[in-house]
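Trainee: Take this structure first; my questions come after.
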Amino acid sequence: MNESEFTDAELLAYLDEALPVDRMTAVESAVRALIALRTRLANLLARRDHGEHTLGEIWRRGRLSCPARQQLASYLASTLDDFWADYVEFHVFSVGCRLCAANLEDLRQAKLAARGEQRRRKFFDSSAGTLDNMSRET
Ligand SMILES: [Zn+2]
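In our numbering, the protein residues as written are 9 to 146.
Dropping the structure here:
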């Protein structure tokens, strides 16, 4: 294990928790083992607090490369055009953006919940209208 195996950009991304999971783990265990790496992290933090922002860092912090939530929703609905669908897949699965992965998962859950709700509505509408009205009121 060597501290030079990590770039400054990677370490800053680590501080923002914006690395793919396997890289997060690699940095984490290296930080525990290497004093030199801890010193570097501290220096990077100090430099950042003094306003030295790299373009890559601003990009990451602003999440400029992240697709919008609406695009992620369209991706799930398979209504996104090929270019953006490829981009979403690259961004989430190859780059490993954890924010977007969490966002996608959240949208997936919301979609499942909505589907369940629809089924419930259909059931109540067809079998017991009054019960349906009661459930809407609560
Ligand atoms: Zn993202």
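Backbone N, C-alpha and C define an ideal beta-carbon position, used for all residues, glycine too.
Identify which residue in Leu-107, Arg-106, Pro-75 has its Cα closest to the Cα of Asp-94.
Mentor: Pro-75
Trainee: Need the endpoints of the alpha helix (DSSP H) that Cys-74 sits in, please.
Mentor: Here Cys-74 belongs to no alpha helix (DSSP H), and DSSP marks it neither H nor E.
Trainee: Based on Cα-Cα distance, which residue from Arg-40, Phe-91, Leu-107, Gln-79 lies nearest to Ala-21?
Mentor: Leu-107
Trainee: State whether the stretch 40–53 contacts the stretch 114–122, with contact taken as three or more CB pairs (one from each stretch) at a distance under 8 Å.
Mentor: no
Trainee: If you draw a straight line from the C-alpha of Leu-27 to the C-alpha of Phe-98, how long is it?
Mentor: 14 Å
Trainee: Please report the straight-line C-alpha distance between Trp-92 and Leu-80, rounded to a whole angstrom.
Mentor: 9 Å
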